[in-house]
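Protein chains in written order, with our numbering: chain F, 79 to 356; chain L, 578 to 820; chain C, 1412 to 1654.
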């Protein structure tokens, strides 16, 4: 059985203040209900990786690295490449995170991020086949969570997406006897979408975006929706035991598209600016 | 008047050679004195010590601490005092020696999440700290803004004979309760609370510098309200300071 | 003549006693009690310290001192070929030798019944990561305010084309004939980590120690500067405290 994360007890006095402020449309750090903390993205931070990104949302900090290698395809999809997304909730990240096998929270985080990337089809896996049935490209997207100050789903996803957008892979040639030759030329990985999850938390009857560590420890429920460039919803996950009304869910859906687009702009800007530097 | 010499030091660094009595965070080898922490070494006529700039809160008997109830059992409460160990508040100390776990309901008195100001009743190398809320001014804190700073900065925040805390209270119209463990509760008008937060932040950042009282007075007497500050002081958690 | 070193100049342009470019920073993680970051060549390693804190599982508690635990881990994207995130035997051995290199510097008897956890994450690996890990781990321990006898600094010497050199790069490690990672407590002048991998003569061994000492001292200066920058940057060290 995977471990359940140790919980952090928020003072009742703080919870009362939180409730009071939120019912007036503000949070304890002065943000509005639809405000994200400052988002900072740097790409190409790991030289040995094909692509990489370091992302801060407030004080939450993660590093994503992309390694693209040659692999064999799955038997039921012989002409599709592989995409493996994995997130490590490192013991560095908080006093509650511990070394050892991943907790159920860590596994959920990893899988929710993977779904958002995969279902958006941002990378067309059929473009990764080299010799169909025998050799395909395998993309490994790994994320190291360095500091947990809440809302890791959005932070980790931003990092994976930004890293994929700045990934460069060598041109490949297949010889007559199925040998793969890596050429000197590097090309950008073909990426056709920019999925962005936005996570909302519920305290009392109010929904607000981007909970920090303390708000996460106090929240009753969480809903994440991942939206694509076209405004479609490609992944979603509700968390924690408390229920959500249909109005609340629709409110999140409508705002996910808006907030998703705002963050998409930040990602695009960061990737193009960093791209010019290297 | 003895001349007190000061020097910034890191762990393992030689402070001075001579004849002194080693005090806090100092190790002696022959006639040489070395620091064991990052901090300000101070030596004068007799003793030598290092005032640390970071490090955990280690409870001392009679210290005032502010903590949060995190667990309750039949016989008492566990309280997070932002220290190495969590503290234990025995029900018997609150209800008296006739305390019978079957009859009293602990949650009537204190529940998980309650904020309390307590005193360290016992602590040594062999046991977790024991706290007591019997005494004037101790007990549950019903409201207030909570700030957490490093325990190493608390002496500066209080000041000589309370000079610094009095300056802040006078300049903001607020009442501050300061735990030795670095947890502070501020009660007062919202405007005053924001100004207190600014003053606390200044003390925390400049604790090792000169003219601190003057700087704080200047900050508070200026009519500039400044930006609205978060009670948790830009992302502190679990008693860790804004490093 | 081999292709790793030619007329005293190495493939990357360095002399035999020259380190790769490096950079150290303290206090880069908000949640950890202490943290630090190092770049050495392409190595990028981050260290986080949590503690002193209560020991879990309880059966590991020591009544008279703290339990120091260390986890050296390489991120999946840190190496040329993607690495499986699960800890390998190599990482487990390195975790052990790093712990044993840091422990002599920690005043463990001052924290009975506690644990201190040191987490090292190699975000990018480029040869010499265990020595760099020790350097950054010691910094994080100091940042956490843990009482230490001394810092610990690490640097590897090695043999390439029959020549002893300082601070092997990844390529030199792979192509060379010997690798000697060393760490020491710089003020006490004691070696706390030594491993040897290769084929070296007695004379080369002595030369290796000499070179590694140069490297460790350079790392110590960098550690000192990083701590000073974080803790004492704002103040003029010569100004006298009046408060």
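A virtual CB, placed ideally from N, CA and C, is assigned to each residue, including glycine.
Remember, predicted model here, so these are calculated numbers, not experimental data.
At a CB-CB cut-off below 7 Å, which residues of chain C make contact with residue i?
{"i": "residue 638 (chain L)", "result": "Under the 7 Å cutoff, chain C gives no residues; its nearest Cβ is about 17 Å from residue 638 (chain L)."}
{"i": "residue 626 (chain L)", "result": "Correct list: empty, because the minimum Cβ distance to chain C is about 13 Å."}
Quick check on DSSP: helix, strand or coil for residue i?
{"i": "residue 1662 (chain C)", "result": "Outside the displayed range of chain C (1412 to 1654) lies residue 1662 (chain C), so it cannot be described from this structure."}
{"i": "residue 291 (chain F)", "result": "helix"}
{"i": "residue 1642 (chain C)", "result": "helix"}
{"i": "residue 603 (chain L)", "result": "strand"}
{"i": "residue 693 (chain L)", "result": "strand"}
{"i": "residue 118 (chain F)", "result": "strand"}
{"i": "residue 677 (chain L)", "result": "coil"}
{"i": "residue 773 (chain L)", "result": "helix"}
{"i": "residue 328 (chain F)", "result": "helix"}
{"i": "residue 200 (chain F)", "result": "coil"}
{"i": "residue 1470 (chain C)", "result": "helix"}
{"i": "residue 111 (chain F)", "result": "coil"}
{"i": "residue 1544 (chain C)", "result": "helix"}
{"i": "residue 1465 (chain C)", "result": "strand"}
{"i": "residue 239 (chain F)", "result": "helix"}
{"i": "residue 1601 (chain C)", "result": "strand"}
{"i": "residue 780 (chain L)", "result": "helix"}
{"i": "residue 1631 (chain C)", "result": "helix"}
{"i": "residue 713 (chain L)", "result": "coil"}
{"i": "residue 140 (chain F)", "result": "strand"}
Only counting the same chain, and skipping five residues up and downstream in sequence, which positions put a Cβ closer than 6 Å to that of residue i?
{"i": "residue 341 (chain F)", "result": "274"}
{"i": "residue 1528 (chain C)", "result": "1461, 1462 and 1480"}
{"i": "residue 112 (chain F)", "result": "287"}
{"i": "residue 268 (chain F)", "result": "205"}
So, at 8 Å on beta carbons, what are the nonlocal neighbours of residue i in its own chain, with the 5 sequence-adjacent residues on each side left out?
{"i": "residue 1500 (chain C)", "result": "none"}
{"i": "residue 803 (chain L)", "result": "At residue 803 (chain L), the pLDDT of 46 sits below 50, so the modelled position is not reliable; the number obtained from the coordinates is stated separately. Excluding residues within five positions, the ones whose Cβ falls inside 8 Å are 771, 772 and 775."}
Under 9 Å between beta-carbons, which chain F residues line up against residue i? List them in chain order, please.
{"i": "residue 720 (chain L)", "result": "91, 94 and 95"}
What's the C-alpha gap between residue i and residue j?
{"i": "residue 282 (chain F)", "j": "residue 1544 (chain C)", "result": "46 Å"}
{"i": "residue 247 (chain F)", "j": "residue 291 (chain F)", "result": "37 Å"}
{"i": "residue 255 (chain F)", "j": "residue 122 (chain F)", "result": "35 Å"}
{"i": "residue 215 (chain F)", "j": "residue 326 (chain F)", "result": "42 Å"}
{"i": "residue 42 (chain F)", "j": "residue 139 (chain F)", "result": "This structure cannot speak to residue 42 (chain F), because chain F is shown only from 79 to 356."}
{"i": "residue 347 (chain F)", "j": "residue 118 (chain F)", "result": "11 Å"}
{"i": "residue 711 (chain L)", "j": "residue 163 (chain F)", "result": "55 Å"}
{"i": "residue 741 (chain L)", "j": "residue 611 (chain L)", "result": "31 Å"}
{"i": "residue 182 (chain F)", "j": "residue 1442 (chain C)", "result": "21 Å"}
{"i": "residue 310 (chain F)", "j": "residue 276 (chain F)", "result": "13 Å"}
{"i": "residue 715 (chain L)", "j": "residue 106 (chain F)", "result": "27 Å"}
{"i": "residue 1597 (chain C)", "j": "residue 1627 (chain C)", "result": "7 Å"}
{"i": "residue 93 (chain F)", "j": "residue 631 (chain L)", "result": "29 Å"}
{"i": "residue 352 (chain F)", "j": "residue 130 (chain F)", "result": "11 Å"}
{"i": "residue 647 (chain L)", "j": "residue 1566 (chain C)", "result": "45 Å"}
{"i": "residue 143 (chain F)", "j": "residue 188 (chain F)", "result": "14 Å"}
{"i": "residue 673 (chain L)", "j": "residue 1556 (chain C)", "result": "39 Å"}
Below 7 Å CB to CB, which residues in the same chain sit around residue i once its five sequence neighbours on both sides are set aside?
{"i": "residue 585 (chain L)", "result": "617"}
{"i": "residue 609 (chain L)", "result": "591 and 594"}
{"i": "residue 110 (chain F)", "result": "103 and 104"}
{"i": "residue 210 (chain F)", "result": "156 and 157"}
{"i": "residue 330 (chain F)", "result": "278, 285, 301 and 303"}
Output, in chain order, the set of chain L residues within a Cβ distance shorter than 7 Å of residue i.
{"i": "residue 1525 (chain C)", "result": "661"}
{"i": "residue 1435 (chain C)", "result": "Near residue 1435 (chain C) there are no residues of chain L at all, since even the closest Cβ is about 13 Å away, more than 7 Å."}
{"i": "residue 1366 (chain C)", "result": "Any question about residue 1366 (chain C) goes unanswered here, given that chain C covers just 1412 to 1654."}
{"i": "residue 1635 (chain C)", "result": "587"}
{"i": "residue 1518 (chain C)", "result": "613"}
List, in chain order, every chain C residue whose beta-carbon is nearer than 8 Å to that of residue i.
{"i": "residue 185 (chain F)", "result": "In chain order: nothing, as chain C lies at least about 13 Å away."}
{"i": "residue 746 (chain L)", "result": "Within chain C, no residue comes near residue 746 (chain L); the closest Cβ sits about 18 Å away, beyond 8 Å."}
{"i": "residue 796 (chain L)", "result": "In chain order: nothing, as chain C lies at least about 15 Å away."}
For residue i, go through chain F and note every residue whose CB falls closer than 7 Å to its CB, in chain order.
{"i": "residue 1441 (chain C)", "result": "137, 225 and 227"}
{"i": "residue 645 (chain L)", "result": "87 and 89"}
{"i": "residue 723 (chain L)", "result": "89, 91 and 92"}
So which residues on chain L does residue i lean against when the C-beta distance must stay under 9 Å?
{"i": "residue 1616 (chain C)", "result": "Chain L residues near residue 1616 (chain C): none, gap ~27 Å exceeds 9 Å."}
Find the residues of chain A that neighbour residue i, judging by a C-beta separation of less than 8 Å, and give them in chain order.
{"i": "residue 615 (chain L)", "result": "Here the protein chains are F, L and C, and chain A is not one of them."}
- Task: Below 8 Å between beta carbons is the criterion; list the residues of the stretch 87-109 of chain F that meet it against any residue of chain C, in chain order.
- Result: none
- Item | Positions along the stretch 691-719 of chain L whose CB lies within less than 8 Å of some CB in chain F | 691, 692, 718 and 719
- Query: Looking at chain L, which residues of the stretch 1449-1474 of chain C have a Cβ within less than 9 Å of any of its Cβ atoms?
  - Reply: 1462, 1463, 1464, 1465 and 1474
- Message: Residues of the stretch 1478-1502 of chain C in Cβ contact with chain F at a cutoff of 8 Å, in chain order, please.
- Response: 1482, 1484, 1486, 1487, 1488, 1489, 1490, 1491, 1492, 1493 and 1496
- Using Cβ-Cβ distances below 9 Å, what residues of the stretch 1525-1541 of chain C are close to chain L? 1525
- Item | Residues within the stretch 1590-1602 of chain C neighbouring chain L, beta-carbon criterion of under 8 Å | 1596, 1597, 1598 and 1599
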